[in-house]
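Undergrad:
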Amino acid sequence: MERGFRGEAMKQPVVHIRHLNLKYKNNVVLKDLNWTINRGDNWLLNGISGSGKTSLAKIIAGQQSAVGEIDINFDTTSKLPARVLYVESWYQFKNLEGVANFYYQQRYTNLQFKETLTVKAELKLFGKENNLDFTEAEVLIDALGYSGQRDSQLIELSSGEHKKLQLIKALWLKPQLLIIDQPYTGLDVNSRKVLNRLLDEAAAEGVTLILISNDEHAPSAINRFALLEGTLVEVASAEELQLEADQPLREIPGFLKVPPNYSSDHIVKMVNINISYGEKQVLKNINWEVNKGEKWLLQGHNGSGKSTLLSLLNGDHPQAYTDGLYLFGKPRGSGESIWDIKQRIGLISPEFHWYFDSSSTVWQSIASGLYDNFGLTLELPYSKAQKVDELVAYFGLTDIKNEILGTLPLGKQRLTLLARTIIKDPELLILDEPCQGLDQQQTRYFNQLVDELCSNGMTLIYVGHYESALPDTLEKRIVLEKGTVKIIEDINVPETEPADFQQVN
Amino acid sequence: MANYFNTLPLREQLNQLGVCEFMENSEFADGVNALKGKKIVIVGCGAQGLNQGLNLRDSGLDVSYALRKEAIEGKRDSWKNATSNNFKVGTYEELIPTADLVVNLTPDKQHTAVVNAIMPFMKQGSTLLYSHGFNIVEEGMQIRKDITVIMVAPKSPGSEVRSEYLRGFGVPTLIAVHPENDPEGKGLAQAKAYCVGTGGHRAGVLRSSFVAEVKSDLMGEQTILCGLLQTGSILSFDKMIEKGIDPGYASKLVQYGVEVITEALKHGGVSGMMDRLSNPAKIKAFKISEELKDIMRPLFQKHQDDIMSGEFSKTMMEDWANGDANLLKWRAETGETAFEKTPAGDVKIGEQEYFDNYLLMVAFIRAGVELAFETMVEAGIKAESAYYESLHETPLIANTIARKKLFEMNRVISDTAEYGCYLFDQACKPLLADFMKTVDTDLVGKNYNEGKDGSVDNAELVAINEVLREHPVEIVGRKLRKAMTAMKAIKTV
Ligand SMILES: NC(=O)c1ccc[n+]([C@@H]2O[C@H](COP(=O)([O-])OP(=O)(O)OC[C@H]3O[C@@H](n4cnc5c(N)ncnc54)[C@H](OP(=O)(O)O)[C@@H]3O)[C@@H](O)[C@H]2O)c1
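Going down the list, the protein sequences come from chains U and R. All residue numbers for the first sequence refer to the numbering used here, where the first residue is 1180 and numbers rise by one. All residue numbers for the second sequence refer to the numbering used here, where the first residue is 49 and numbers rise by one.
1. Would U:Pro1497 count as contacting chain R if we go by Cβ distances under 8 Å?
2. Put U:Leu1275 into one of helix, strand or coil per three-state DSSP.
3. Give the C-beta separation of U:Tyr1363 and U:Arg1371 to the nearest angstrom, bearing in mind that I take them to be a contact with Cβ-Cβ under 8 Å.
4. With 7 Å as the limit, tell me which residues of the segment 1531 to 1551 of chain U have their beta carbon closer than that to any beta carbon of chain R; keep them in chain order.
5. Counting only beta-carbon atoms, is U:Tyr1505 nearer than 8 Å to chain R?
6. Measure how close the beta-carbons of R:Pro205 and R:Val460 come, nearest whole angstrom, since I'm counting them as under 8 Å.
7. Using a Cβ-Cβ cut-off of less than 7 Å, give me the residues of the segment 1571 to 1584 of chain U that come near chain R, in sequence order.
8. Go through the segment 312 to 360 of chain R residue by residue and report every complete run of the alpha helix (DSSP H) that reaches 4 residues or more, in order.
9. If you reduce the DSSP assignment to three classes, tell me which class U:Phe1625 lands in.
10. Pick from R:Asn327, R:Met344 and R:Gln400: whose alpha carbon is nearest that of R:Ala507?
11. So, R:Lys542 versus R:Gly66, is the Cβ gap smaller than 8 Å?
12. For a test of the three-state rule: what should DSSP assign to R:Glu129, helix, strand or coil?
13. Pop quiz: U:Arg1262 and U:Pro1354 are said to be a contact at Cβ under 8 Å. What is the actual Cβ separation, rounded to whole angstroms?
14. When you compare only the Cα positions, how much space is there between R:Gly280 and R:Gly383?
15. If the cut-off is 9 Å on Cβ atoms, which residues from the segment 1441 to 1460 of chain U count as contacting chain R, listed in chain order?
16. For chain U, is any of its Cβ atoms less than 8 Å away from the one on R:Ser107?
17. Do R:Leu222 and R:Glu269 have their beta-carbon atoms positioned less than 8 Å apart in this structure?
18. Give a yes or no on whether the C-beta atoms belonging to U:Phe1625 and U:Cys1633 are separated by under 8 Å.
19. Any chance you could list the residues with Cβ under 5 Å from a heavy atom of ligand 1, keeping chain order?
20. Using a Cβ cut-off of 8 Å (strictly closer), state whether R:Lys157 contacts chain U.
21. Compute the Euclidean distance between the alpha carbons of R:Arg529 and R:Asn103, then round it to the nearest angstrom.
22. My assumption, with CB atoms under 8 Å, is that U:Lys1474 sits in contact with U:Leu1653. Please give the rounded CB distance.
23. How would you write the range of the alpha helix (DSSP H) that R:Thr382 sits in, first residue to last?
24. Considering only residues of the same chain and omitting the five flanking positions on each side of R:Pro57, which have a CB-CB separation below 7 Å?
25. Is the separation between the beta-carbon of U:Pro1510 and that of R:Asn133 shorter than 8 Å?
26. Starting from U:Tyr1500, find everything on chain R with Cβ-Cβ shorter than 7 Å and list it in chain order.
27. Is it right to say R:Asn54 is buried, meaning 16 or more other beta carbons lie within 10 angstroms of its own, or is it exposed?
28. Which residue comes first and which comes last in the beta strand (DSSP E) that contains U:Glu1248?
29. Go to U:Thr1314, then tell me how far its alpha helix (DSSP H) extends in each direction, as first and last residue.
30. Give every residue of the same chain whose Cβ lies closer than 6 Å to the Cβ of R:Phe334, excluding the five residues on either side of it in the sequence, and list them in chain order.
31. Cβ of U:Ser1486 less than 8 Å from any chain R Cβ?
32. According to a CB-to-CB cut-off of less than 8 Å, which residues of the segment 391 to 411 of chain R neighbour chain U?
33. Does the distance from the CB of R:Ser211 to the CB of R:Ile195 come in under 8 Å?
34. Report the option in R:Asn51, R:Gly468 and R:Phe76 whose CA atom is closest to the CA atom of R:Leu273.
35. Which runs of the beta strand (DSSP E), 3 residues or longer, sit entirely within the segment 1415 to 1472 of chain U?
36. Could you please tell me which residues of the segment 1509 to 1522 of chain U, in chain order, have their CB closer than 8 Å to any CB of chain R?
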C-alpha cells in the first residue's frame, strides 16, 4: 500500500484514496474503492456487518494495511495536531499493556492495593503526552456527566464509561482527522445529545469527522453520507443509510421449546440491599423481586449501578453475601456455590465479553457454556454436541463454526456468546447491553432471537438504552438512578427512557 | 525447636522427599463435602488469605477471618480486605474456639508466634492447615496431638488463585498430610475438599509431603523464579544503558520481555520458547545458555544444599531476629536500581521483537529452568514437583514484573521468597561479571537476526533441537500440561 502524508496545501483533499482493495480469506471486502474527503466535509458511513467499515477506518488510521493508495494531507497552518485518531467501536481495556491479567469480576472485589490508574491520573498522563491544557478536559468531563468517575480506577469503569473516556480524549486532542466507530453505543440519551454538540464544535474548529454509525440523529456538521458495499455509494441523507433486515429467522431448536426446569417460583428477591466500596455507595436500599417467567427491562444512566446489581445475581460480587438477598428461593450464602447459581443463569455483558477467552473457535465457545468456563478442549458427549450443532445452525453460524472467535466481526462474536448463554436452557437469562457495539440491523435481528428464545417461559432481565434496541417481550421495567430504585412499573409497549430522564443535566 | 527434617533418619528423609503422586480427577468426586457445614477460620487476610477465602466461600463453604487485635483495632488493610468483602471478622478468642478448620495464612516468619497464640483456643480434634510447610519442616513446630495438620499449597500468587477460579479453572496445587499429626485419619479427605474449594483440582494436584513441598518450593523461588529473573533483568538493563540503547526502550524491553518470553513456556515448555527464535538465534541462545549453566551450576547447588541442611532457614531467621537488617537493605537497593527508576518508554515493541531483541533473557530462562530442575532432582525431589517449582511457575512470576517491575514481584511473593531472591541476586551478579563483559547489543537491545542471512548448519540444529526436547523437564512437562488441559474441560463442582 502506498501511504503518503503531505503537509502543504489547504486546497488538497484531507484524504484521497485510490484503488483500495482488501481481501479477507477468500472474500473480497473492499473492491477498487475511491474516496475523496474534502475540507469542510464530514461523513457518516454505514454498511452491513462484515462490509469492512472498521477495516476501512483502520486503514485510514494506519493501523491496518491494504492494496491501493492513500494520501492524507494535513493543514500545516492549523493549530490542531496533524494526526488521524481512530476511536474503536468497542474499547477493550484489556489491550493496555501490563494489565492483561485482570479478570472481569475484579472490579467488584475490594482490594486495598490499587492496581490501575484513576481516570484523572490517566487523563493527566494523556494531557502531558500531548501537551494539552487540563482545564479543557474538565469542560468535557462536566459536559459528558463524567465528574463522578474522576477518581474511579480504570478497572472499575463499565464499558460505557470506558467509551466515554475514549471520547473525552479524542475531543480534547482535536486531531485534524477524527474517525469514530459507533460513537453512540453505550451512551444514554442525554450523553448522545451532548456528544453531538461537542462534535459540532470540534468540526467548527477544523476537525474533519468520519462517523461510522447508522444513527439518524447525527451531529448537524455531518453533510455527506455513504454506504459501504465493496465500494462507497453516496446517498443523500442519514435515513437512506438504514439497511433492510435480511436475516431469516430459523426454526428454534427443540430443546429450547421446553420450558426451563424451575426449582422455585422466586428467581430474585432483594430486601434493602446496600453495596459500597469504601466511602462510595453504589447501591442504596434496593428492593426488587423477579418471579419466574417475568421479562424485565433494567435501565439507568451510565454509572447508576446496573452492572453491580446484575453481578449480585450472577454470583460475581463478593458483597452478595449479605442479609436480604435471595436467589432461586434461597438466601445467598446458605451453602450454594457460585457454580450452582451460574448453572441456572445465562449471562452476557460487554465486560464479560472483554474478558472472555476469544482464542477458542465459535463451536468451542458455545460448548463451554455448558460448564461455565471459558473455552473448551475436551470432546463432548454426543447429546450435548448435538445441542451445540443445533444452536450453531439456528444462529446462522454454521459457516464460521470453526473460526477463532476473536477474528470475527463483533456482531458474530455477540451471537456466539448469546448461543453460549442459552445452551443450558437457563432459568434466568441476563442480557446486559447485549447489542452494545452492534448496528441497528444487527440489533433488530438479535432482539428477534431474544423474543423467540424467551417464549418458552424463560425469565429475562435485559439492559438496554434505546427503544429501537429492545425486544418486544419485555413487560416490566426497573429504573435505577444514582444507586437507588427510581421506577418499578409494568410496560406494555417498550418506551425510550422516561421523559424526565432527558431533562437531567 | 529443632529443624524437623534434620531430626529424621536418612531413610525417612528420602521417603518424605520422594512423596509425589499426580492425583486422578476421580479422587475429587466428593467435592467439598468433607468441609461442608464446617466452620473454616482463616488467620491473616493478605494475598493468599483473601483470595483463598473468596474461593472457598464461592464454593459454598463457611469462611470467616481471625485477625490479631492490632489489625482489627487499627483497621489495617487485612481488616479492610475482609470486612469490605462481607466476611465476618473477629479476634482469636472469638473465632478460633468455634473453628473446625483453622487456616494459617500469615507470613512464614510469623508462624511460630501465630500458632502458639491460636493453639490454646483450637478445639479438640480440629484441623490446622498451612499453604507452605516452612514452620513445620524448618522450625519443627510441634502441634497438639489431637489436631490434624494438613497442607494445601497453590503454586501461584494469590491473585492468580482467584482469577483462575473465576474463569472456571484453578491453579496447580500440592497437598499433604503431616505424618506426625493425623490422629483420626481424616487429613487427606479434608485437604482434597479444601483443594476443590479453591479450584485447584481442575488444574492438577500433586500429593506431596510437607518436606518435599518446602525443599522444592524454597529452591524454585530463590533461583529461577525470582532470583534469576531479578538478576537477569538488572544485568540486561545495565548492559543496554552501557551500550547506548535508549533508556525508555531498554526499560520497556526488560519490564515486559520476561512476560512475553515466558508465556511461550506455558504452551510448549523450554523447546516451545526456543522455537520462537530464528534458527541462527536459537543456536546462539542455546550456546550462551550452556555457558550460563556451567557458570551458575555451583550457585544453584549451594542454594539447594543450604536449603537441605537448614542453613538457609537458619540465616533467614537470624536476619529476622536482627530486625531484618539484610532484607531491608537489599529491598532498598532493589528499589534504587536504574531499571526500577527508569520508566518504560512510549515505544511500540511487537511480540516477536521481545524474542529477537532479548535473546539474552531467553538464554537466562532456559539455563535457569533446566538448572533448577536438574538440581532439585539430583537432591531427591521428584520430577513432577520439580517441574511445578521451576518451569510451571516462571510465567506467573514474570507477570508480576510486567505489572510493576521488581518491586511488584517482591511485594507479591512471600517473605521467605523475597529474602531468598535477594540472597541469590547478591551472589549471582558477581558470578556473571566476566560473562557479561562478552555480551553486546546483538543479544540484548537489538535484533540478533539483523545483517545475518539466516543460514545454519543442519546437523548442528538437529542436534540442538534434540537436546532441548529430550531434557527431563520437557518430558515430564509434556505429560503434566496434557493432564492439565484435559482437566480444564471437566467440571466436578
Ligand atoms: N504469596 C505467594 O505467592 C504464596 C504462594 C503460596 C503459598 N504462600 C503461603 O501463604 C502464606 C501467606 O502468605 P501471603 O503471601 O499471603 O502473606 P501476606 O500477603 O504477607 O499476608 C499476611 C497476612 O497475615 C497477617 N499477619 C502478619 N503478621 C501477623 C502476625 N504476627 N499475627 C497475625 N497475623 C499476621 C497480615 O495482616 P496484618 O499485618 O494486618 O495483621 C496479613 O493479612 C505463607 O505461608 C506463604 O508461604 C504464599
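Where is the CB? At the ideal position from N, CA and C, for every residue including glycine.
TA: By the coordinates alone:
1. Locating residue 1497 of chain U in the first sequence gives position 318, where the first residue counts as 1. Cβ-Cβ to chain R under 8 Å: yes for U:Pro1497.
2. If you number the first sequence from 1, residue 1275 of chain U lands on position 96. A caution first: U:Leu1275 carries a pLDDT of 40, below 50, which makes its placement in the model too unreliable to give a value.
3. Indexing the first sequence from 1 puts residue 1363 of chain U at position 184. Indexing the first sequence from 1 puts residue 1371 of chain U at position 192. Sure, about 5 Å apart at Cβ, within 8 Å.
4. Cβ contacts with chain R come from Tyr1550 and Asp1551.
5. The residue labelled residue 1505 of chain U in the question sits at position 326 within the first sequence. At a cut-off of 8 Å between C-beta atoms, U:Tyr1505 does not count as an interface residue with respect to chain R.
6. Numbered from its first residue, the second sequence carries residue 205 of chain R at position 157. Numbered from its first residue, the second sequence carries residue 460 of chain R at position 412. 5 Å between Cβ atoms; contact.
7. Hits within the stretch: zero.
8. The segment 312 to 360 of chain R contains these whole alpha helix (DSSP H) runs: 327 to 357.
9. Locating residue 1625 of chain U in the first sequence gives position 446, where the first residue counts as 1. Looking at U:Phe1625 - three-state DSSP - the assignment turns out to be helix.
10. On the second sequence, position 459 is the one that residue 507 of chain R refers to. Distances from the CA of R:Ala507 to each of R:Asn327, R:Met344 and R:Gln400 were compared; the closest alpha carbon is that of R:Asn327.
11. Any question about residue 542 of chain R goes unanswered here, given that chain R covers just 49 to 541.
12. For the purposes of this step, residue 129 of chain R is identified with residue 81 of the second sequence, where counting begins at 1. The amino acid occupying residue 129 of chain R in the given sequence is Asn; Glu does not appear at that position. Collapsing the DSSP output to three states places R:Asn129 in a helix.
13. Translated into positions along the first sequence, residue 1262 of chain U becomes position 83. Translated into positions along the first sequence, residue 1354 of chain U becomes position 175. By a beta-carbon distance limit of 8 Å, U:Arg1262 contacts U:Pro1354. Their separation comes to about 4 Å.
14. Sequence index remark: in the second sequence, residue 280 of chain R carries index 232 (1-based). Sequence index remark: in the second sequence, residue 383 of chain R carries index 335 (1-based). R:Gly280 and R:Gly383 have their C-alpha atoms spaced approximately 16 Å apart.
15. Residues passing the 9 Å Cβ filter: Ser1455, Tyr1456 and Gly1457.
16. As a first step, residue 107 of chain R must be located in the second sequence, where it is residue number 59. True, the Cβ-Cβ gap to chain U drops below 8 Å.
17. Locating residue 269 of chain R in the second sequence gives position 221, counting from the first residue. Locating residue 222 of chain R in the second sequence gives position 174, counting from the first residue. For R:Glu269 and R:Leu222, no; Cβs fall outside 8 Å.
18. Along the first sequence, one-based indexing puts residue 1625 of chain U at 446. Along the first sequence, one-based indexing puts residue 1633 of chain U at 454. Going by C-beta atoms, U:Phe1625 is not nearer than 8 Å to U:Cys1633.
19. For ligand 1, the selected residues are R:Gly92, R:Cys93, R:Gly94, R:Ala95, R:Gln96, R:Arg116, R:Ala119, R:Arg124, R:Ser126, R:Leu153, R:Thr154, R:Pro155, R:Asp156, R:Gln158, R:Val162, R:Ser179, R:His180, R:Pro205 and R:Ser462.
20. Here residue 157 of chain R refers to the residue found at position 109 of the second sequence. Using a CB distance cut-off of 8 Å, R:Lys157 does not count as an interface residue toward chain U.
21. Start at 1 with the first residue of the second sequence, and residue 529 of chain R comes out as number 481. Start at 1 with the first residue of the second sequence, and residue 103 of chain R comes out as number 55. Rounded to the nearest angstrom, the two C-alpha atoms are 23 Å apart.
22. Position 295 of the first sequence, counted from the first residue, corresponds to residue 1474 of chain U. Position 474 of the first sequence, counted from the first residue, corresponds to residue 1653 of chain U. Confirmed, Cβ separation roughly 5 Å.
23. Indexing the second sequence from 1 puts residue 382 of chain R at position 334. Membership of R:Thr382 in the alpha helix (DSSP H) is indicated by the continuous run Ala373 to Gly383.
24. As a first step, residue 57 of chain R must be located in the second sequence, where it is residue number 9. Close CB contacts of R:Pro57 within its chain, under the 7 Å cut and outside five residues either way in sequence, are absent.
25. Taking the first residue of the first sequence as position 1, residue 1510 of chain U is located at position 331. Taking the first residue of the second sequence as position 1, residue 133 of chain R is located at position 85. The Cβ-Cβ distance between U:Pro1510 and R:Asn133 does not fall below 8 Å.
26. Along the first sequence, read from residue 1 onward, the residue named residue 1500 of chain U stands at position 321. Those are Arg105 and Asn134, listed as they occur along chain R.
27. As a position in the second sequence, residue 54 of chain R is number 6, starting the count at 1. With fewer than 16 other Cβ atoms inside 10 Å of its own Cβ, R:Asn54 counts as exposed.
28. For the purposes of this step, residue 1248 of chain U is taken as the residue at position 69 of the first sequence. DSSP places U:Glu1248 inside the beta strand (DSSP E), whose first and last residues are Val1246 to Asn1252.
29. Translated into positions along the first sequence, residue 1314 of chain U becomes position 135. Here the alpha helix (DSSP H) through U:Thr1314 covers Phe1313 to Ala1322.
30. Locating residue 334 of chain R in the second sequence gives position 286, where the first residue counts as 1. Counting only residues of its own chain and dropping the five nearest sequence neighbours on each side, R:Phe334 has a CB closer than 6 Å to the CB of Ile512.
31. Counting from 1 along the first sequence, the entry for residue 1486 of chain U is found at position 307. It does not: the Cβ of U:Ser1486 has no partner Cβ on chain R nearer than 8 Å.
32. Correct list: Asp394.
33. Here the question's residue 211 of chain R lines up with position 163 in the second sequence. Here the question's residue 195 of chain R lines up with position 147 in the second sequence. A distance of 8 Å or more separates the beta carbons of R:Ser211 and R:Ile195.
34. Here residue 273 of chain R corresponds to residue number 225 of the second sequence, with the count starting at 1. For R:Leu273, the nearest C-alpha among the options comes from R:Gly468.
35. Within the segment 1415 to 1472 of chain U, the complete beta strand (DSSP E) runs of at least 3 residues are 1445 to 1456 and 1459 to 1470.
36. For the segment 1509 to 1522 of chain U, the residues whose beta carbon sits under 8 Å from a beta carbon of chain R are, in order, Gly1512, Gly1514, Glu1515, Ser1516, Ile1517, Trp1518 and Asp1519.
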